[in-house]
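A.B. asks:
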Amino acid sequence: VQLQASGGGLVQVGGSLRLSCTASGNIDSLNGIWYRQPSGKQREFVAGITAGGSTNYEEFAEGRFTISRDNAKNTVYLQLNNLKLEDTAVYLCNVAGISGRAHVQYWGKGTQLTVSS
């Protein structure tokens, strides 16, 4: 399975954007996670969604970001609202879980989000 993250770009403070992470194969049974990595900093967890649709968020994402999935499209989304300068980062998607008898994990290349004033 290959993942393609898209939807990043340049947006002003307070703006919104939706990121997509599309898989080349079925990811129904896998969990989806968005991470981000600001320039010069470590990668950090943003939000996750289980195969069953349960979600969890890092504190900075609560109330502003929404993770969702569309299994028919093999896609995990991240809706970002009320963006702040500190949200500027490369956003990366990950899907992982049990497939058959194996634990699998896939990473997509990141998509750059730049928030400007």
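Taking our numbering, the leading residue of the sequence shown gets 4, the next gets one more, and so forth. Each residue gets a CB set at the ideal place from its N, CA and C atoms; glycine is no exception.
What first and last residue would you give for the beta strand (DSSP E) that runs through Glu65?
C.D. replies: On the sequence shown, residue 65 is found 62 positions in, with the first residue counted as 1. Looking at the DSSP string, Glu65 is not in any beta strand (DSSP E), and its letter there is neither H nor E.
A.B. asks: Is Ala54 helix, strand or coil by DSSP?
C.D. replies: As a first step, residue 54 must be located in the sequence shown, where it is residue number 51. Residue state, collapsed to three classes: coil.
A.B. asks: Less than 8 Å between the CB atoms is what I'm expecting for Gly100 and Val107, so what's the real figure, rounded?
C.D. replies: The residue given as residue 100 occupies position 97 in the sequence shown. The residue given as residue 107 occupies position 104 in the sequence shown. The pair is a contact, with the Cβ atoms about 7 Å apart (cut-off 8 Å).
A.B. asks: Give me the DSSP bridge partner(s) of Glu47.
C.D. replies: The sequence position of residue 47 within the sequence shown is 44, counting from 1. DSSP, once it has assigned bridges, lists Arg39 as partnering Glu47.
A.B. asks: Any idea which residues DSSP pairs Asp73 with across the strands?
C.D. replies: Here the question's residue 73 lines up with position 70 in the sequence shown. For Asp73, which the question treats as bridged, DSSP gives the partners Thr78.
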